[in-house]
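The sequence shown lines up with residues 2 to 249 when you count with our numbering.
Idealized CB from N, CA, C, for every residue including glycine.
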Amino acid sequence: MTRRKYVVGNWKMNGLSEAIGEAQAIFAAAGEYPAVDVAICPPFTLIGAMAAAAAGRTVGGQDCHSAASGAFTGSVAAPMLADIGASLVIVGHSERREGFGESDADVCAKAEAGLAAGLSVILCVGEPRDVRESGGAIDFVLAQIAGSVPGEFDPARLAIAYEPIWAIGTGLVPTVGDVAAIHGAIRGALAARFGGKAEDMRILYGGSVNGENAAELLDAGDVDGALVGGASLTAAKFVPIIAAAADL
Ligand code: 13P
Numbered sequence: 002m003t004r005r006k007y008v009v010g011n012w013k014m015n016g017l018s019e020a021i022g023e024a025q026a027i028f029a030a031a032g033e034y035p036a037v038d039v040a041i042c043p044p045f046t047l048i049g050a051m052a053a054a055a056a057g058r059t060v061g062g063q064d065c066h067s068a069a070s071g072a073f074t075g076s077v078a079a080p081m082l083a084d085i086g087a088s089l090v091i092v093g094h095s096e097r098r099e100g101f102g103e104s105d106a107d108v109c110a111k112a113e114a115g116l117a118a119g120l121s122v123i124l125c126v127g128e129p130r131d132v133r134e135s136g137g138a139i140d141f142v143l144a145q146i147a148g149s150v151p152g153e154f155d156p157a158r159l160a161i162a163y164e165p166i167w168a169i170g171t172g173l174v175p176t177v178g179d180v181a182a183i184h185g186a187i188r189g190a191l192a193a194r195f196g197g198k199a200e201d202m203r204i205l206y207g208g209s210v211n212g213e214n215a216a217e218l219l220d221a222g223d224v225d226g227a228l229v230g231g232a233s234l235t236a237a238k239f240v241p242i243i244a245a246a247a248d249l
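As structure tokens, then:
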């Protein structure tokens, strides 16, 4: 099957109510590129308003708890995301793995919770700079894949995002060849474990994607889209990335 291009904005901890207008502008412009699936993952506080303002568009969370409910002060459960109009959740972002001590097992449990709540899931992996420099990036990422991808899933609802930590927010990006090599290795590992399902799964690249480098990165082998941080916050910066995906 042909995998549809997928361009997702991760707003991280950015955006007050006034940012809903920017999301509407992004989704309106995205309507010009029907071949690309576009989603925005704002902070929890904006999900409900954004989903209401952009009916039929994909709005997601940036994290969820692995339990469906319970005594977990401050946490948000996957069914709660679905309840306020989210249809997607990001799990295992490096800012959660590193900053909040999330293990592969935690990420796997969160992915399972998202899928069980009917959400689509983007599961993030990616190596730190020292691992890249010592030549261990592929092994590191494949170990994360082995430990955090659930055993059962619908491939249409589980995407992987490869985000090298050293490329996030730094303006540094891997070479197109390095991106293709690691995405190919990820798909190979998924195929070894899940067979033909791996061909239907989308693998996104993330880390300093912008309007200038998107075409080249999105054209790399086994790259099915982009997970975008800083450049997803405004229509002016995000729409050129969506347009680049549409051109491929
Ligand atoms: P930047 O696009 O700001 O580098 O962030 C990437 C990212 O972490 C998306 O999840």
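DSSP places Asp105 inside the alpha helix (DSSP H), whose first and last residues are 105-117. Exposure of Pro35 is indicated by the presence of fewer than 16 other C-beta atoms within 10 angstroms of its C-beta. The DSSP assignment places complete beta strand (DSSP E) segments of no fewer than 3 residues inside the region 29-100 at 37-42, 59-62, 89-92, in order along the chain. Contact between Glu153 and Gly208 does not hold, since the beta-carbon distance rounds to 29 Å and is not under 8 Å. Of all residues, those with a beta-carbon under 6 Å from at least one heavy atom of the ligand 13P are Asn11, His94, Glu164, Ile169, Gly170, Gly207, Gly208, Ser209, Val210, Leu228, Val229, Gly230, Gly231, Ala232, reported in chain order. When Thr3, Leu89, Val180 are compared, the shortest CA-CA separation from Cys42 is found for Leu89.
Beta bridge pairing from DSSP links Ile204 with Ile161. Per DSSP, the continuous beta strand (DSSP E) segment holding Lys6 begins and ends at 6-11. Look at Gly127 here: in three-state DSSP terms it is coil, with no helix or strand label. Between the C-alpha atoms of Gly100 and Gly93 there is a straight-line separation of about 11 Å. CA-to-CA, the gap between Met81 and Arg194 works out to about 31 Å. For the pair Val150 and Ala112, the CB atoms are nearer than the 9 Å cut-off. A direct Cα-Cα distance of roughly 23 Å separates Asp220 from Ile146.
Looking at the backbone, the Cα of Ala168 and that of Val108 are separated by about 21 Å. Membership of Val174 in any beta strand (DSSP E) is not indicated, and neither H nor E is assigned to it by DSSP. Around the CB of Ser67, 16 or more other CB atoms lie within 10 Å, so the residue is classed as buried.
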